[in-house]
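Q: If you're matching positions, the sequence shown starts at 6 in this note's numbering and goes up one per residue. Let me begin by handing over the structure; questions about it come next.
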Amino acid sequence: MTLRIGNASGFYGDRFDALREMLTGGELDVLTGDYLAELTMLILGRDRLKDPAAGYARTFLRQLEDCLGIAHERGVRIVTNAGGLNPAGLAHSVRHLAGRLGIPVRVAHVEGDDLTALHPGSLAAHAYLGGFGIAACLREGADIVVTGRVTDAALVTGPAAAHFGWSETEYDRLAGAVVAGHVLECGAQATGGNYAFFRDGDVRRPGFPLAELHEDGSCVITKHSGTGGFVDVGTITAQLLYETAGARYPGPDVTTRLDTVRLGQDGPDRVRIDGVRGEAPPPTLKVGLNKLGGFRNEVVFVLTGLDIEAKAALVREQLEPALGKAADVRWELARTDRPDASTEETASALLRLVVRDPDQETVGRALSGAAVELALASYPGFHVLAPPGKGSPYGVFEDVYVPHSGVDHVAVLHDGRRIPVPAAHDTAVLDAVPEPPLPEPPAPGPTRRAPLGLVAGARSGDKGGNANVGVWARTDDAWRWLAHELTADRFRQLIPESRELQVTRHLLPRLRALNFVVEGILGAGVAAQHRFDPQAKALGEWLRSRHLDIPEALL
Numbered sequence: 006m007t008l009r010i011g012n013a014s015g016f017y018g019d020r021f022d023a024l025r026e027m028l029t030g031g032e033l034d035v036l037t038g039d040y041l042a043e044l045t046m047l048i049l050g051r052d053r054l055k056d057p058a059a060g061y062a063r064t065f066l067r068q069l070e071d072c073l074g075i076a077h078e079r080g081v082r083i084v085t086n087a088g089g090l091n092p093a094g095l096a097h098s099v100r101h102l103a104g105r106l107g108i109p110v111r112v113a114h115v116e117g118d119d120l121t122a123l124h125p126g127s128l129a130a131h132a133y134l135g136g137f138g139i140a141a142c143l144r145e146g147a148d149i150v151v152t153g154r155v156t157d158a159a160l161v162t163g164p165a166a167a168h169f170g171w172s173e174t175e176y177d178r179l180a181g182a183v184v185a186g187h188v189l190e191c192g193a194q195a196t197g198g199n200y201a202f203f204r205d206g207d208v209r210r211p212g213f214p215l216a217e218l219h220e221d222g223s224c225v226i227t228k229h230s231g232t233g234g235f236v237d238v239g240t241i242t243a244q245l246l247y248e249t250a251g252a253r254y255p256g257p258d259v260t261t262r263l264d265t266v267r268l269g270q271d272g273p274d275r276v277r278i279d280g281v282r283g284e285a286p287p288p289t290l291k292v293g294l295n296k297l298g299g300f301r302n303e304v305v306f307v308l309t310g311l312d313i314e315a316k317a318a319l320v321r322e323q324l325e326p327a328l329g330k331a332a333d334v335r336w337e338l339a340r341t342d343r344p345d346a347s348t349e350e351t352a353s354a355l356l357r358l359v360v361r362d363p364d365q366e367t368v369g370r371a372l373s374g375a376a377v378e379l380a381l382a383s384y385p386g387f388h389v390l391a392p393p394g395k396g397s398p399y400g401v402f403e404d405v406y407v408p409h410s411g412v413d414h415v416a417v418l419h420d421g422r423r424i425p426v427p428a429a430h431d432t433a434v435l436d437a438v439p440e441p442p443l444p445e446p447p448a449p450g451p452t453r454r455a456p457l458g459l460v461a462g463a464r465s466g467d468k469g470g471n472a473n474v475g476v477w478a479r480t481d482d483a484w485r486w487l488a489h490e491l492t493a494d495r496f497r498q499l500i501p502e503s504r505e506l507q508v509t510r511h512l513l514p515r516l517r518a519l520n521f522v523v524e525g526i527l528g529a530g531v532a533a534q535h536r537f538d539p540q541a542k543a544l545g546e547w548l549r550s551r552h553l554d555i556p557e558a559l560l
C-alpha cells in the first residue's frame, strides 16, 4: 500500500501554476503546500495589524479557485499551512469559495499554535505543532486541511499517520515520514533547484517533487513524468542537509535520526530512502517569536575608477555627523571593481551603508538628507544605486520553548466539531549523539590548489540568527579526504566572518556529509537583514569557491 504525496509550494510566492501542474501531471493521493517561513510569519503579522481578518496566504485562495474542481474530480486531498496566523479565516474563505463554485468539499483546520497573547510585545508567537491534528482532520473525512504554524514535515507526517493508522509512538515510521516531508517541503530544491551541481541536468523549469510513502515509513522520492529538473542521490542529500544540524533532528512528533538515513538510486528520477530510525520527541515545543525591532535605512554608494579606498573614507567621514545618534551603523565595501575595466560597471565598487535605530526619524530624513546633500560635494563620480528612503521597519526573530501541555492542539472539523489532540505520550531530552569515527584518511599524494566545489557540494540556510552549511562528497574517496580536511577550524579560516563565532561540525557518514552550524552569523534573523546575504542562502556556494590543497586524484 503506497501513499503518493506531492508538494506544490515551498514558500509564499512560489510558482503559481504548480498546484495545477501537480494535480494534472500524474497520480496523487495528497497534495501539500508549504507557505510559511520565519520571515513570512512577520509579514503576515504586519498584514494582520492592518486587517484583523487577514493573516493567511491569499495566493493559495487564488490557486485553489483555478484548481479546486480538478482536485475534487481526482480525489486528491489538499493539506497546507497557508492558514498562517489565521487558519480559521482561511478555512472559512475556502468554504465560501467552494460554495460559490458549487464544489462539495469538507474543509477542516488546525488550531492551537497561536501563543501571541502569552508573549506581550510580540507581533506573532506561534508554536510548531506536529502532524496529528492534520491526521485527525483527515480521519474524519476532510478533503482540505488548513493549518497555521506546524513543522514543515507535519504536512506529510499527518497524512501518513492518517492513511496507515500509525500511533503516536511508532517513531521509526514517523521519522521516515519526517525525512520525506523535509525533502518535499522546499519544492523544486529536491528536483535540481538551487543545486550545487545544477549542470548535471536541465533545471530551467524543475518540476515539483512527490514521495511514494510506504507503511513502514520508507519512501521513494520522484517527480511527475515529463517535468523538468532531475532527482538523484545528490539532490536529495542536499535537501536533507538544508536547515538541519546534527544526527538528531527534533520535532513535535518524533526525533529523527538523520545518521540512519540510507539513500539509493532506484531508477531514473527515483531515490529510495529507508533505514530511518526515530526516537521520542523532546519534552518541549519550539515557539517562534517575531517582533518589530525598529527601523532601518540603506544607501549604496557607487565608487568608480581610481582611489576606491580614499573615496570610501571620504564619504564615511562626511556622513559621520549625521550618524552619531543611530544605534547601529554598518559600512561594507564590496570591491567589485577591476583595473583597466572595459565597462563602467566593472570599474566600480559598492559602499553599502545600513543604519538601524528604534526611532524612524533617526534613520529616515536625517540620514537621507545628509546623503543627498553630498551629491555635488563629495568624491568624484558620486552617485548611489537608489535614493535613500524614510526608513522602514524591520523584524527580529527568536525562539523559546514550552512544554507540550502548554498548547491546546485542536482539530476543527468541517461540521464544527472540535477534537483535542493529545500531547506527546513519551518524551526524551535531546542529547548529542557521540561523534562517529572518521573514515581512514586518504593515502598521501600530490595536491593542487583548487576550489572545494570541484569535489564537494554544499547547501546552506537559516534558523533564526544561526546558519547551517551542509557539505557532502560525491564519492567515497572524496569523503575520506573531506572528513579529515574540512574541520571546524578550517571552516573558520575559509569563512572569515565566522572566526569569532561558535562553529559546530556534525558528521553524517551515511550521507558522506558534514553539517556546520554557525551561531549568530545572521544576527536577529532574516527580517533584521544583518548581513549581505541575510538568509545565508549562498554561504555554501561561497565556501565551495574557496581554494584548498586538494589531492590530484580527486580532481
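From the three backbone atoms N, C-alpha and C, an ideal C-beta is built for every residue, glycine too.
Output the residue ranges of the beta strand (DSSP E) runs that lie fully inside the stretch 319-353 and measure 3 residues or longer, sorted by chain position.
A: Here the runs fully enclosed are 333-339.
Q: Please name the residue in L516, T174, A250, Y399 whose C-alpha comes closest to that of V438.
A: Taking the sequence shown and counting its residues from 1, the one referred to as residue 438 is at position 433. Per the Cα distances, A250.
Q: Taking 7 Å as the limit between beta carbons, can you name the residues of its chain near V334, skipping five residues before and five after?
A: To locate residue 334, count along the sequence shown from 1; it is residue 329. Result list for V334: L328, V360, in chain order.
Q: Spell out the partners DSSP gives I226 in its beta bridges.
A: To locate residue 226, count along the sequence shown from 1; it is residue 221. BP columns for I226 point to A216, V276.
Q: Would you call the stretch 130-139 and the stretch 411-419 in contact, with 3 or more CB pairs under 8 Å?
A: With a cut-off of 8 Å, the stretch 411-419 and the stretch 130-139 count as touching, because enough Cβ pairs lie within range.
Q: Who are the Cβ neighbours of S2 in its own chain at under 7 Å, not counting the five residues just before and after it?
A: The first residue shown for the chain is 6 and the last is 560, placing residue 2 beyond what the model contains.
Q: Using 10 angstroms around the beta-carbon of S465, count the other beta-carbons present and answer buried if the total reaches 16, otherwise exposed.
A: As a working note, residue 465 is residue 460 in the sequence shown. By the neighbour-count rule (16 or more Cβ atoms within 10 Å), S465 is buried.
Q: Whose CA, out of L268, Y406, K291, L338, lies closest to the CA of L513?
A: For the purposes of this step, residue 513 is taken as residue 508 along the sequence shown, with counting starting at 1. Comparing Cα-Cα distances from L513 to each of L268, Y406, K291, L338, the minimum goes to L268.
Q: Pick out whichever of D362, A346, L90, L381 has its Cα sitting closest to the Cα of Q323.
A: The count along the sequence shown starts at 1 and reaches residue 323 at position 318. Of D362, A346, L90, L381, the residue nearest in Cα terms is L381.
Q: Using the Cβ count rule (16 or more neighbours within 10 Å means buried), how would you classify F537?
A: As a working note, residue 537 is residue 532 in the sequence shown. By the neighbour-count rule (16 or more Cβ atoms within 10 Å), F537 is not buried but exposed.
Q: Using a Cβ-Cβ cut-off of 6 Å (strictly less than) and excluding sequence neighbours within five positions of L338, which residues of its own chain qualify?
A: The residue labelled residue 338 in the question sits at position 333 within the sequence shown. The residues are A317, L356.
Q: Pairing CB atoms from the stretch 85-102 with CB atoms from the stretch 252-271, are three or more of them under 8 Å?
A: No contact exists between the stretch 85-102 and the stretch 252-271.
Q: Between the alpha carbons of T162 and G136, how many angstroms are there, rounded?
A: As a position in the sequence shown, residue 162 is number 157, starting the count at 1. As a position in the sequence shown, residue 136 is number 131, starting the count at 1. C-alpha separation (whole angstroms): 5 Å.
Q: Determine whether the beta carbon atoms of L24 and G38 lie at a separation below 9 Å.
A: Residue numbering aside, residue 24 sits at position 19 when the sequence shown is read from its first letter. Residue numbering aside, residue 38 sits at position 33 when the sequence shown is read from its first letter. The answer is yes: Cβ separation under 9 Å.
Q: Which partner residues of F387 appear in the DSSP bridge assignment?
A: Start at 1 with the first residue of the sequence shown, and residue 387 comes out as number 382. None; F387 has no bridge partner.
Q: What residue ranges within the stretch 92-134 form continuous beta strand (DSSP E) runs of no fewer than 3 residues, ordered along the chain?
A: Counting only runs of 3 or more, we get 112-116, 129-132.
Q: Inspect the beta-carbon positions of L559 and W486 and report whether they are closer than 9 Å.
A: Indexing the sequence shown from 1 puts residue 559 at position 554. Indexing the sequence shown from 1 puts residue 486 at position 481. Result yes, Cβ atoms of L559 and W486 sit closer than 9 Å.
Q: Sorted by chain position, which residues of the same chain lie with C-beta nearer than 7 Å to L379's C-beta, five sequence neighbours on each side aside?
A: By one-based count along the sequence shown, residue 379 stands at place 374. V320, Q323, F387, listed in sequence order.
Q: Restricting to Cα atoms, I'd like to know which of T240, D22, E505 is closest to I278.
A: Locating residue 278 in the sequence shown gives position 273, where the first residue counts as 1. It is T240 whose Cα lies nearest to the Cα of I278.
Q: Would you call P427 buried or exposed, if buried means 16 or more other Cβ atoms sit within 10 Å of its Cβ?
A: Taking the first residue of the sequence shown as 1, we reach residue 427 at position 422. With fewer than 16 other Cβ atoms within 10 Å, it is exposed.
Q: What residue range does the alpha helix (DSSP H) around F169 cover?
A: The sequence position of residue 169 within the sequence shown is 164, counting from 1. Counting along the chain, the alpha helix (DSSP H) containing F169 begins and ends at 159-169.
Q: Mapping the DSSP letters down to three states, classify P501 as helix, strand or coil.
A: Numbered from its first residue, the sequence shown carries residue 501 at position 496. DSSP places P501 in helix when its eight states are reduced to three.
Q: Should Q244 be labelled buried (16 or more other beta-carbon atoms within 10 Å of its own) or exposed?
A: By one-based count along the sequence shown, residue 244 stands at place 239. With 16 or more Cβ atoms within 10 Å of its Cβ, Q244 is classed as buried.
Q: With DSSP collapsed to three states, give me the class of A180.
A: Counting from one through the sequence shown, the residue named residue 180 turns up at place 175. Three-state result, A180: helix.
Q: Could you please give me the residues that DSSP links to S14 through a beta bridge?
A: For the purposes of this step, residue 14 is identified with residue 9 of the sequence shown, where counting begins at 1. For S14, which the question treats as bridged, DSSP gives no partner whatsoever.
Q: Check K542 in the structure and name its three-state DSSP category.
A: The sequence position of residue 542 within the sequence shown is 537, counting from 1. Three-state DSSP puts K542 in coil, outside helix and strand.
Q: By Cβ distance, which residues of its chain are closer than 6 Å to T196, with the 5 residues on each side in sequence left out?
A: The residue you call residue 196 lines up with position 191 of the sequence shown. Excluding residues within five positions, the ones whose Cβ falls inside 6 Å are P211, G212, P214, K228, G234, V236.
Q: Could you give the uninterrupted runs of the alpha helix (DSSP H) lying entirely in the stretch 422-493, keeping only those of 4 residues or more?
A: Correct list: 481-490.
Q: At the level of alpha carbons, what is the spacing between T242 and A332?
A: The sequence position of residue 242 within the sequence shown is 237, counting from 1. The sequence position of residue 332 within the sequence shown is 327, counting from 1. Answer to the nearest angstrom: the Cα atoms are 42 Å apart.
Q: Check each candidate in T480, L457, V150, H511 and name the one with the smallest Cα separation from F65.
A: Against the sequence shown, residue 65 aligns to sequence position 60. The candidate whose alpha carbon is nearest that of F65 is V150.
Q: Return the CA-CA distance between A42 and P451, expressed in angstroms with no decimal places.
A: Position 37 of the sequence shown, counting from 1, holds the residue named residue 42. Position 446 of the sequence shown, counting from 1, holds the residue named residue 451. If you take the alpha carbons of A42 and P451, they lie about 46 Å apart.
Q: On the three-state DSSP scale, how would you describe T509?
A: Sequence index remark: in the sequence shown, residue 509 carries index 504 (1-based). Of the three classes helix, strand and coil, the one that applies to T509 here is strand, per DSSP.
Q: Would V304 pass as a contact of A285 if the rule is Cβ separation under 9 Å?
A: Counting from 1 along the sequence shown, the entry for residue 304 is found at position 299. Counting from 1 along the sequence shown, the entry for residue 285 is found at position 280. No, the Cβ-Cβ distance between V304 and A285 is not below 9 Å.
Q: Can you find the residues in the same chain that come closer than 7 Å, C-beta to C-beta, to S383, ignoring five residues on each side of it along the sequence?
A: On the sequence shown, residue 383 is found 378 positions in, with the first residue counted as 1. Same-chain partners within the cutoff: L319, V320, Q323.
Q: Leaving out the 5 sequence neighbours to the left and right, which residues in its chain are closer than 7 Å to P363 when beta-carbon positions are compared?
A: The residue labelled residue 363 in the question sits at position 358 within the sequence shown. Taken in chain order, the residues that qualify are G299, A332.
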